[in-house]
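Asker:
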Amino acid sequence: MNSVFVYCEIEDGHVAEVSQELMTKGRSLANELKCKLEAIVIGHQLDGIEEQIFPYGVDIVHVADDKRLYPYSTLPHTSIIVKLFEEQKPQIALMGASSIGRDLGPRVSSALHSGLTADCTSLVIGDHLDKKQNKNYENLLYQIRPAFGGNIIATIINPDCRPQMATVREGVMKKEILDPKYKGKVVKLDVAKYVSDADFLVEILERHMEKSKVNMKAAPIVVAGGYGMGSKENFQLLFDLAEVLGGEVGASRAAVDAGYAEHERQIGQTGVTVRPKLYIACGISGQIQHRAGMEESAQIIAINTDPEAPINAVADYVINGDVATIIPKMIKYYKQNTK
Amino acid sequence: MRAYKIIVLAKQVPDTRNVGKDAMKADGTINRAALPAIFNPEDLNALEQALRIKDTFPGSTVTILTMGPGRAAEIIREAMFRGADGGILLTDRAFAGSDTLATSYAISQALKKVKDFDIVIAGRQAIDGDTAQVGPQVAEKLGLPQVTYVEEIQKIENGKVEMKRRLERGVETVSCPVPLVLTVNGSAPDCRARNAKLIMKYKHAKTVTELQNSNEDYLHLYNDRPYLNIPEWTVNDIEVDHAELGLSGSPTKVKTVENVVLQAKEAKVITSADSDINDLMRELIESHTIG
Chain A
113 MNSVFVYCEI EDGHVAEVSQ ELMTKGRSLA NELKCKLEAI VIGHQLDGIE EQIFPYGVDI
173 VHVADDKRLY PYSTLPHTSI IVKLFEEQKP QIALMGASSI GRDLGPRVSS ALHSGLTADC
233 TSLVIGDHLD KKQNKNYENL LYQIRPAFGG NIIATIINPD CRPQMATVRE GVMKKEILDP
293 KYKGKVVKLD VAKYVSDADF LVEILERHME KSKVNMKAAP IVVAGGYGMG SKENFQLLFD
353 LAEVLGGEVG ASRAAVDAGY AEHERQIGQT GVTVRPKLYI ACGISGQIQH RAGMEESAQI
413 IAINTDPEAP INAVADYVIN GDVATIIPKM IKYYKQNTK
Chain B
-8 MRAYKIIVLA KQVPDTRNVG KDAMKADGTI NRAALPAIFN PEDLNALEQA LRIKDTFPGS
52 TVTILTMGPG RAAEIIREAM FRGADGGILL TDRAFAGSDT LATSYAISQA LKKVKDFDIV
112 IAGRQAIDGD TAQVGPQVAE KLGLPQVTYV EEIQKIENGK VEMKRRLERG VETVSCPVPL
172 VLTVNGSAPD CRARNAKLIM KYKHAKTVTE LQNSNEDYLH LYNDRPYLNI PEWTVNDIEV
232 DHAELGLSGS PTKVKTVENV VLQAKEAKVI TSADSDINDL MRELIESHTI G
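Chains as they are written, first to last, in the numbering used here: chain A, 113 to 451; chain B, -8 to 282.
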């Protein structure tokens, strides 16, 4: 049975969070399909990297180690994956929907003529009956994502082409160590056989990577604002509340597009997925793409002037009213009644 | 100083950011006619980068390539009003139902027909699909290097383009020789506004199909001023394997589409009165949700 593959992103010698999450998901898909889970790591100075990978239940890790392979660059990484996939013929290949995976995935899928679905919010195994051909496909990967402005949820399948490729945002899947002592096999790739000089046309002249200042995924409380906040200045209210409660500030895509908040604060299908103890949605209408990134929060408060806002349907508390008058009241009560 | 031939890949998209209540039909399907069709926002950022190259390197040309229904000629005119030299509309029923791979195949075959270009610039992604796949897939099909998430083209020297990329956790400056495909991020500068003189010059620009339905008094214009003719290409104008187009050329299939139906939770609805807010805060503190 052909394997499930996960492409592992590397930053500073560490397997990226999103890749750990995908290995967890990959393991459960592989169990269901009764096949192996394999990982591919491409970079430099990767000795011992498998120690970070096997615990997720990876059976085989393919390692391509060469100083020209770090930092990530599109062409050499594509060449290695394309050739490896041609040899190994995975049935499923998963990548992070990160600036790496969304650059690499489409190029690989084009070279292999295989289908790719971006930003999936759920991956499930299922069957498909093609009524026209009266052909039944078993154990396909259902790639589920909101589409068309969040008004619909589409289930996408790749009946005939392999691998079935999907990208998933960080935070959408949960990461979970399967067994700290799980032992797989390391296969070192002979890099020279996979890349050519033409793969190094693009030269990286400078690179500044920062650890994200915003850590919404770990925040127990998220105060998020939408387009309804009206201005960047009004967003300051959310920072005030977040600071008092010990939380982080998030934003809907509409608010980010309008320039009210930085991109890294965006919550939803094309942003971050959060599961805090408390989510306070302020002036957010709550399109499905947004809800996809927050609806698993333990408690949700929606503050909105529109009693019909879709966000209210997932909320535990709905406050009908103006954010600008409500938040100061919340801050005041909190300060007076806690130490 | 050399001049560059630049192709901008652009798409006319339904404005999914402003979906009103009439955008959904009674049966739950999307009423596309109710959604305004707009120039995909990041394609406008791409156009601006192209126009800046033209500013710096006189004699450079900017040509829009768009695939879509006849109506998509609107965005070619829009780009001409802002400084593009012209455009090509790729339109045919055979393209209907294309996923990103079949789309990139059709576009790359059209680019092979254009043949003579140095830089292909596209927006990072279109707002109706948000996939960000067509740019890289076109690059792969043409065998060209790709640079995605470009925020600024910093310089072009000795046939090499130097550009700044905006990534999730930082920035990167890369250099790549022409020809190449690059995709521009929404954080790049906004596109310049329409220019009044260019509007006057190009307002009658039309495709052959549009011309057939237009006022005959103007027909002489199109012989006198060839730049008013917007080329319209169908599958017969480009070299294609028909099996690679449309639904048959798309490895991904839509199995099901579900309308989003909200199963409302039992929410506690309160007002903004002090007593309501205080009760809520007390409840949250007592349950250790906050504090």
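Just so you know, even glycine gets a beta-carbon here, dropped at the ideal spot from N, CA and C.
With H, G and I counted as helix, E and B as strand and the rest as coil, what does DSSP make of E408 of chain A?
Answerer: On the first sequence, position 296 is the one that residue 408 of chain A refers to. Coil, per DSSP.
Asker: Would you give the residue range spanned by the beta strand (DSSP E) that D239 of chain A belongs to?
Answerer: Position 127 of the first sequence holds residue 239 of chain A. Start and end: 234 to 242.
Asker: Mind checking whether P422 of chain A and Y294 of chain A have CB atoms under 8 Å apart?
Answerer: Looking up residue 422 of chain A in the first sequence gives position 310. Looking up residue 294 of chain A in the first sequence gives position 182. No, they are not a contact pair.
Asker: Pull up the DSSP beta-bridge partners for F312 of chain A, would you.
Answerer: The residue you call residue 312 of chain A lines up with position 200 of the first sequence. For F312 of chain A, which the question treats as bridged, DSSP gives no partner whatsoever.
Asker: Determine the direct distance from the alpha carbon of N114 of chain A to that of H279 of chain B, and round the result to whole angstroms.
Answerer: The residue given as residue 279 of chain B occupies position 288 in the second sequence. The residue given as residue 114 of chain A occupies position 2 in the first sequence. Their backbone Cα atoms lie some 48 Å apart in a straight line.
Asker: Is there contact here, the region 129 to 148 of chain B with the region 199 to 210 of chain B, by at least three beta-carbon pairs under 8 Å?
Answerer: With a cut-off of 8 Å, the region 199 to 210 of chain B and the region 129 to 148 of chain B do not count as touching, because too few Cβ pairs lie within range.
Asker: For the region 249 to 280 of chain B, enumerate the residues whose C-beta is nearer than 8 Å to any C-beta of chain A, in chain order.
Answerer: Cβ contacts with chain A come from E249, N250, V251, L253, Q254, A255, K256, A258, K259, V260, I261, T262, S263, D265, D267, I268, N269, L271, M272, R273, L275, I276, T280.
Asker: Within the 8 Å Cβ cut-off, does Q100 of chain B reach chain A?
Answerer: As a working note, residue 100 of chain B is residue 109 in the second sequence. Output row for Q100 of chain B: interface = no.
Asker: Using a Cβ-Cβ cut-off of less than 8 Å, list which residues of the region 86 to 117 of chain B approach chain A; keep chain order.
Answerer: Cβ contacts with chain A: D90, T91, L92, S95.
Asker: Closest Cβ-Cβ distance between V335 of chain A and chain B: below 8 Å?
Answerer: Position 223 of the first sequence, counted from the start, is the residue given in the question as residue 335 of chain A. No, V335 of chain A does not count as interfacial toward chain B.
Asker: Give me the DSSP bridge partner(s) of L252 of chain A.
Answerer: For the purposes of this step, residue 252 of chain A is taken as the residue at position 140 of the first sequence. Per DSSP, A:G238.
Asker: In chain A, which residues lie less than 9 Å from S166 of chain B when you measure between Cβ atoms?
Answerer: Here residue 166 of chain B refers to the residue found at position 175 of the second sequence. The contacting residues are V314, E315, I316, L317.
Asker: Should the region 261 to 270 of chain A be regarded as contacting the region 116 to 133 of chain A, the criterion being three or more beta carbon pairs within less than 8 Å?
Answerer: Counting Cβ pairs under 8 Å, fewer than three are found: no touch.
Asker: Strictly below 7 Å CB to CB, what residues from chain B border N270 of chain A?
Answerer: In the first sequence, counting from the first residue as 1, residue 270 of chain A sits at position 158. Correct list: P242, T243.
Asker: Please report the residue range of the beta strand (DSSP E) in which E249 of chain B lies.
Answerer: Your numbering for residue 249 of chain B matches position 258 in the second sequence. Residues 244 to 250.
Asker: With L301 of chain A as the anchor, note down where its beta strand (DSSP E) starts and where it stops.
Answerer: On the first sequence, position 189 is the one that residue 301 of chain A refers to. Note, L301 of chain A: premise wrong, no beta strand (DSSP E); not H, not E.
Asker: Among B:I55, B:A37, B:L56, B:M71, which one has its Cα closest to the Cα of N186 of chain B?
Answerer: Counting from one through the second sequence, the residue named residue 186 of chain B turns up at place 195. Looking at the Cα atoms, B:M71 is the closest of the given residues.
Asker: In angstroms with no decimal places, state the Cα-to-Cα distance between E33 of chain B and I268 of chain B.
Answerer: Here the question's residue 33 of chain B lines up with position 42 in the second sequence. Here the question's residue 268 of chain B lines up with position 277 in the second sequence. Rounded to the nearest angstrom, the two C-alpha atoms are 42 Å apart.
Asker: Taking 8 Å as the CB-CB cut-off, is G237 of chain B touching chain A?
Answerer: Mapped onto the second sequence, residue 237 of chain B falls at position 246. Taking Cβ atoms only, chain A never reaches closer than 8 Å to G237 of chain B, which makes this a no.
Asker: Quick check: the Cα distance between E250 of chain A and Q200 of chain A, rounded to an integer number of angstroms?
Answerer: Taking the first sequence and counting its residues from 1, the one referred to as residue 250 of chain A is at position 138. Taking the first sequence and counting its residues from 1, the one referred to as residue 200 of chain A is at position 88. Roughly 21 Å separates the two Cα atoms.
Asker: Among A:T233, A:Q245, A:N263, which residue has its Cα nearest to the Cα of Y254 of chain A?
Answerer: Residue numbering aside, residue 254 of chain A sits at position 142 when the first sequence is read from its first letter. Cα-wise, what sits closest to Y254 of chain A is A:T233.
Asker: Output, in chain order, the set of chain A residues within a Cβ distance shorter than 8 Å of Y193 of chain B.
Answerer: Position 202 of the second sequence, counting from 1, holds the residue named residue 193 of chain B. Under the 8 Å cutoff, chain A gives no residues; its nearest Cβ is about 29 Å from Y193 of chain B.
Asker: Going by DSSP, name the residue or residues bridged to V165 of chain B.
Answerer: For this step, residue 165 of chain B is matched to residue 174 along the second sequence. In the DSSP output, where bridge partners are listed per residue, V165 of chain B has A:I316, B:M154.
Asker: Run down chain B in chain order and give the residues with a C-beta less than 8 Å from the C-beta of C273 of chain A.
Answerer: By one-based count along the first sequence, residue 273 of chain A stands at place 161. Here the neighbours are P242.
Asker: Would K146 of chain A and I172 of chain A qualify as a contact pair, given that the criterion is a beta-carbon distance under 8 Å?
Answerer: For the purposes of this step, residue 146 of chain A is taken as residue 34 along the first sequence, with counting starting at 1. For the purposes of this step, residue 172 of chain A is taken as residue 60 along the first sequence, with counting starting at 1. Not a contact, by the Cβ cut-off of 8 Å.
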